[in-house]
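Numbering (UniProt numbering), first residue to last: 1 to 231.
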């Protein structure tokens, strides 16, 4: 039995821009992934709307700083074979990460360091890590989101290169969500049901490759296959 932890924000939680609620259970990408992987895998979702990599958000009553909540998640869900991290979108808000991918990259580095060095229970090893670059933002006429994210559309185009550098530095696999899904124009940052399902389906191949590589000791670097690329 392999255990996979999906650690993320509203893209992993399954925020539906049309309703302001949550996508149906079967449409959320972690659950799509779990169904496709089968009974030999347990896929756990630890996701929170507004979660950042390493930045505080004092406008809400919950802890959105991913660095602060990650140790508890690792301790609660161990043993883990793989942690999938999809974070960075909320770092581009003006009042949190400063609105720049550079700051987001620094926060992600800290996330990876925590996963790799956490004091797991004796007998449990540190899990493999799959970093998923968030999809690029879309232009939106929604004034609140346009103001909230400022230059986010342009900045989000640098997610892939920044996260790839983190993966290379820390030996993590990397997957670019923008290759298989795109954000909705309604708010410019979230996924509709079709695209969150597409992400879950596209992650099946890299997840199995990483865990297979872990079993035989070989490295695994993950990129979308031609069959799963969007458009």
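Cβ coordinates follow ideal geometry from the N, Cα and C atoms, glycine included.
Looking from the CA of residue 149, the closest CA among 93, 196 and 128 belongs to 93. Between residue 207 and residue 76, the alpha-carbon positions lie close to 22 Å from each other.
For the pair residue 8 and residue 200, the Cα-to-Cα distance works out to about 14 Å. Straight across, the Cα-Cα distance linking residue 73 with residue 128 is about 15 Å. With the rule of 3 Cβ pairs closer than 8 Å, the segment 99-112 counts as touching the segment 45-56. When secondary structure is reduced to three states using DSSP, residue 200 falls in the helix class. The segment 31-76 is shown to contain whole beta strand (DSSP E) runs of 3 or more residues at 41-47, in chain order. Look at residue 15 here: in three-state DSSP terms it is strand. Here residue 112 has 129, 166, 170 and 172 as same chain residues with Cβ atoms under 7 Å from its own Cβ, once five neighbours each way along the sequence are excluded.
Cβ contact annotation for residue 71 (same chain, cutoff 7 Å, sequence separation greater than five): 114 and 118, in chain order. For residue 162, the enclosing alpha helix (DSSP H) starts and ends at 159-170. Shortest Cα-Cα distance from residue 85 to any of 63, 110 and 19 involves 110. Residue pairing of residue 8 in beta bridges, as defined by DSSP: 47 and 86.
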